[in-house]
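Residue 1 is where the sequence shown starts when you use the numbering used here, and the numbers rise one by one after that. Think of the CB as a built atom: it goes at the ideal place given N, C-alpha and C, for glycine as much as any other residue.
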Amino acid sequence: MMRSKKEIEKLSSDIHSLVHLNRLKEALIKLSSLMEGIHIADHTLQYENLDQTYRMLLEYTFRSVPDPQRNKIYQSLRVSILELTDLIQQKALSNTGMHIYSLKSVLEKEKEMAKEEAARKLDSLHFDKELARLLHETDVEGEEIDSTVPHISPRLFQLIWLTDKYVDTDLRLLATIRKTDELPWYEKSLAVSALTLSLLNCFDKEKFLVLIDFYNDQQDQVWQRALTGLVIAIYLYGHRIELYPAIKEKLGECIQEESFFQHIQMVLIQILKARETEKLTTRFKDEILPDVQKFESKIKEKLDLDNLLANDLIEDKNPDWEKIFEDSPDLLGKIEKMSEMQMEGLDLFMGTFAMLKNFDFFRELSNWFRPFYKENDTAIESIQGDPVQRERFLTGMEESFYMCNSDKYSFCLNVGHLPEEHSKNLMGLFNLEAESLHEISLEDKILHKPERENYIFTQYIQDLYRFFKLHPFRNDFRDIFALDWDIQGSGLFNLIKDSPEVLKKAGHFLFEKEHYKEAIHIFEYLSTIQNPEQAVIEKLAYCYQLLGDYQNALKYYKKAEIYETNRLWSVKKIIFCYRKLNDNLSALKWCQDALLIAQDDIYLHTMAGNCLLDEKQFNEALDHYFRVEFLSPDNKKILRPISWCCLVLNKLELAQNYSNQVLLDEPSAHDFINAGHIELCLENKSRAMEYYRQSVAGDEISFARFNEILASDSEFLLMNGVNEEELPMISDYLRYN
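In structure tokens, the structure reads:
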């Protein structure tokens with residue numbers, strides 16, 4: 001039976017959920033369904049043993065047969081069901097024809113021998129280096145030692161990545177990679193990326209433990225990547241980790257380190273920032289580029305862009321820049337804002353470099369994760385010309401903290417394809433910018449801890465984002481950035497719940513980016529801890545308000561109102577929520593209480609007027625509206641309810657005066673209807689009909705809607721002496737005319 005990738009993943013997810021809920025028989029039934037069409041005797045035998053073991057456990061339990069090992073056997077069953085599910089899922093996916101499984105099948109036949117060979121070479125490397133040193137010291141000639149720098153080959157990367165469950169051979173290889181001092185950091189980083197991909201593809205306790213070992217080694221650039229992989233995997237498999245004491249124990253040791261939660265916070269926030277990339281790319285395209293294109297001809301004229309790369313312009317500032325941006329101050333502000341966002345780790349280069357991932361370099365999957373370092377052959381061979389300028393360029397590229405590794409390679413490869421003169425000028429401009437940024441980074445300590453650690457996380461996570469979003473076979477992989485990242489409901493939450501600072505940082509970020517649902521879950525938890533911050537309560541209430549849950553919003557606004565600071569803001573929100581719940585009397589009471597301490601607050605007077613108007617207490621409502629008009633004479637919107645109240649209270653000349661003012665400022669269809677009502681009450685029927693005609697002239701309201709409004713307002717028209725028999729005739733008159 002051929003299933004799609006989506007169906008297979010859904011079945012596997014169901015099995016995991018059922019095991020988590022301790023519904024093991026249902027999980028086994030689902031697993032049996034997943035196994036359909038997969039005829040592997042070993043897997044069938046494992047399944048039958050698990051099913052029989054569970055059957056016997058249930059028999060002994062409900063026959064009251066004492067078994068001191070029962071809980072241990074039960075937990076072991078849960079683990080075994082999940083482990084078998086992993087293997088069956090991978091086998092089922094291999095039948096879908098996805099590219100990575102075709103690659104995997106080729107590697108299967110030779111992988112053990114290849115891993116043994118790789119481990120043997122790395123083991124012997126230190127000995128060879130030491131022997132070379134001894135031979136040099138004793139002047140022994142004629143001995144040849146292989147001085148090639150070891151590396152993680154594309155084939156070895158694939159072997160680490162595409163192995164489902166690690167065995168002793170794999171663990172020996174990874175231990176050798178981790179421990180050898182002869183393997184450069186950038187090669188170890190590649191191994192960590194392959195290990196991370198492997199763990200995301202197929203759960204394995206050993207992969208978790210090795211990643212933790214890489215993190216604990218604290219080798220610069222390597223541990224940051226290991227921790228990133230751990231955070232993602234813990235989010236993905238958090239509940240499953242509970243079944244593996246060895247993982248929990250090792251993570252428990254990490255928690256003892258003071259910096260652990262700070263590092264998790266950096267990773268988590270950067271992942272959340274990466275999820276904003278598409279929105280930012282669209283914003284850049286829609287807000288910045290149109291303005292740039294609009295002023296392109298003006299800039300060309302003022303700056304002589306054809307000669308922009310001349311030496312004098314490279315070295316000196318152009319005095320016309322300020323004048324140009326005077327013509328478009330919004331553009332300058334937007335560019336400055338976007339620059340600030342880039343410095344803060346938000347990814348603005350995705351759209352720029354997305355089209356530069358078609359070089360042959362990126363056909364090799366491992367290169368999407370290769371750290372950029374100035375000695376790498378790819379960059380050196382791409383850049384031609386003056387060696388001194390090239391060295392400065394590559395050094396600046398390595399130190400650049402605002403461009404991820406993947407984009408640095410794209411940039412170098414693109415420079416290598418430019419004409420020599422253009423390439424030279426571009427490198428000159430980049431070198432000047434790099435020197436300027438280097439000075440800024442030293443002043444701001446960006447290149448020192450913890451800022452430096454943060455930008456390493458930033459670059460690596462942006463590398464991951466490009467891989468999952470741009471790789472030609474991206475549909476074969478589980479896109480970690482497409483997950484909902486609802487932290488509170490995940491296993492990651494269990495790890496960080498004892499660090500309110502991490503949760504607050506994540507909650508506030510989600511709030512700022514308008515992910516209110518996810519923010520609520522974090523703020524809800526934070527609100528339960530002792531002495532929660534006022535901002536947490538306020539933002540929790542606001543999240544509920546924005547999601548339309550006014551009952552819960554009201555609940556937390558009332559809690560926020562207890563705090564002395566910002567109290568009036570909370571009161572106003574309470575009034576707003578009561579209004580949304582159609583509880584005008586409660587809203588009015590809060591308005592009246594608040595007006596005792598804020599007598600001239602425009603919002604409070606407006607809301608009080610609205611409540612009174614809805615309760616048909618028009619005289620009292622009018623008093624509040626007049627107060628608003630006095631306090632805020634430029635507020636033209638208040639003229640509408642004043643005019644209406646005057647109409648209802650038979651103050652027709654005053655109503656007409658205010659209505660005329662409303663009609664001077666982009667009147668709506670409703671404004672014309674109200675004006676028509678006033679004229680009708682004043683017995684100016686011709687003028688009334690003209691206003692009514694204008695109300696239905698556009699597409700804002702139909703004749704049917706007009707009749708509904710007229711019927712709704714009829715009681716006030718009749719109170720002002722309008723002939724009831726004439727009301728149904730108004731619409732017909734308008735249709736004829």
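To the nearest angstrom, how far is it from the Cα of I638 to the Cα of E451? Rounded to the nearest angstrom, the two C-alpha atoms are 51 Å apart.
Going by beta carbon distance, what residues of the same chain come within less than 7 Å of S189, once the five residues before and after it are set aside? Cβ within range, chain order: Q221, V222, R225, P371.
What's the call for L664, buried or exposed, on a 16-neighbour Cβ count within 10 Å? The residue in question, L664, is exposed, as its Cβ has fewer than 16 Cβ neighbours within 10 Å.
Flag this pair as yes or no: are the beta carbons of Q545 and K573 separated by less than 8 Å? Cβ distance < 8 Å, so Q545 and K573 count as in contact.
Going by other Cβ atoms of all chains shown within 10 Å of its Cβ, with 16 needed for buried, is R55 buried or exposed? Exposed, since its Cβ has fewer than 16 Cβ neighbours within 10 Å.
Tell me the start and end of each unbroken beta strand (DSSP E) in the region 674-709 that is at least 3 residues and wholly inside, in chain order. Those beta strand (DSSP E) runs which fall completely within the region 674-709 and span 3+ residues do not exist here.
Could you check whether L652 and C681 sit closer than 8 Å to each other, using their CB atoms as the reference points? At a Cβ-Cβ threshold of 8 Å, C681 and L652 count as neighbours.
Looking at C-alpha atoms only, which residue of P154, T606, F457 is the closest neighbour of Y741? Absent from the model: residue 741. The displayed extent of the chain is 1 to 737, so no value can be given.
Mapping DSSP to helix, strand and coil, what is R747? Given a span of 1 to 737 for the chain in the structure shown, any question on residue 747 remains unanswerable.
Suppose the cutoff is 6 Å on Cβ atoms and the five residues either side in sequence are ignored; what does the same chain contact list for A587 look like? Its chain contains I575, Y578, R579, C611 as the residues whose beta carbon lies nearer than 6 Å to that of A587, once the 5 sequence neighbours on both sides are disregarded; these appear in chain order.
Using three-state DSSP, classify N405 as helix, strand or coil. The three-state secondary structure of N405, taken from DSSP, is helix.
8 Å Cβ cutoff met for G635 and S659: Inspection of the sequence shows that residue 635 is occupied by Asn rather than by Gly. Taking 8 Å as the Cβ cut-off, N635 and S659 do not qualify as a contacting pair.
Quick one: give me the first and last residue of the alpha helix (DSSP H) that Q545 is part of. Counting along the chain, the alpha helix (DSSP H) containing Q545 begins and ends at 534-546.
For N494, the nearest candidate out of R240, D593, K685, L413 (CA to CA): Out of R240, D593, K685, L413, R240 has the C-alpha closest to the C-alpha of N494.
Cα-Cα separation between K743 and A191, rounded to whole angstroms: Nothing can be reported for residue 743, as the shown portion of the chain is limited to 1 through 737.
Can you check whether the CB of V502 is closer than 8 Å to the CB of F523? The answer is no: Cβ separation not under 8 Å.
Count the C-beta pairs between the region 554-567 and the region 527-535 that are closer than 8 Å, then say yes if the count reaches three, no if not. Yes, since at least three Cβ pairs between the region 554-567 and the region 527-535 fall closer than 8 Å, the two stretches touch.
Exposed or buried, N475, counting other C-beta atoms within 10 Å across all chains shown (16 or more means buried)? N475 should be labelled exposed.
To the nearest angstrom, how far is it from the Cα of I478 to the Cα of C202? The residue you asked about is not Ile; residue 478 is Arg in the sequence shown. R478 and C202: Cα-Cα distance of roughly 11 Å.
Whole-angstrom C-beta distance between L18 and K10, which should lie under 8 Å: Actually they are not in contact, since the Cβ atoms of K10 and L18 sit about 13 Å apart, beyond 8 Å.
What separation, rounded to the nearest whole angstrom, lies between the Cα atoms of Q694 and Q656? Going by the C-alpha atoms only, they are around 17 Å apart.
Opening and closing residue of the alpha helix (DSSP H) in which K573 lies: Note, K573: alpha helix (DSSP H), 567-580.
If you measure between the beta carbons of I38 and K91, is that distance less than 8 Å? Yes, the pair counts as a contact, with Cβ atoms nearer than the cut-off.
Enumerate in chain order the residues of its own chain whose CB-to-CB distance from D486 is below 8 Å, with the five nearest sequence positions on each side excluded. Setting aside the 5 residues that flank it on each side, D486 is surrounded in the same chain by K517, E518, H521, each with a C-beta closer than 8 Å to its C-beta; the list follows chain order.
According to the neighbour-count rule (16 or more other Cβ atoms, all chains shown, within 10 Å of its Cβ), is T277 buried or exposed? It counts as buried.
Cutting at 7 Å between CB atoms, please list the residues of its own chain near L540, excluding the five before and the five after it. Within the same chain, and ignoring the five residues on either side of L540 in sequence, the residues whose Cβ sits closer than 7 Å to its Cβ are I520, F523, E524, S527, Y556.
Just tell me which of Q256, I730, E512 has its CA closest to the CA of K273. E512 is the residue among Q256, I730, E512 whose C-alpha sits nearest the C-alpha of K273.
Around the C-beta of S4, are 16 or more other C-beta atoms found within 10 angstroms, so that it is buried, or is it exposed? Exposed.
Closer than 7 Å by C-beta to D600: which residues in its own chain qualify, once you throw out the five before and the five after it? Chain order, please. The beta carbon of D600 sits closer than 7 Å to the beta carbons of L631 from its chain, once the five residues preceding and following it are set aside; these are given in chain order.
C202 in three-state terms, based on DSSP: C202 sits in coil when the DSSP states are folded into three classes, being neither helix nor strand.
Is the beta carbon of Q158 closer than 8 Å to that of L82? Taking 8 Å as the Cβ cut-off, L82 and Q158 do not qualify as a contacting pair.
Exposed or buried, which one is R392 when buried takes at least 16 other CB atoms within 10 Å? Around the CB of R392, 16 or more other CB atoms lie within 10 Å, so the residue is classed as buried.
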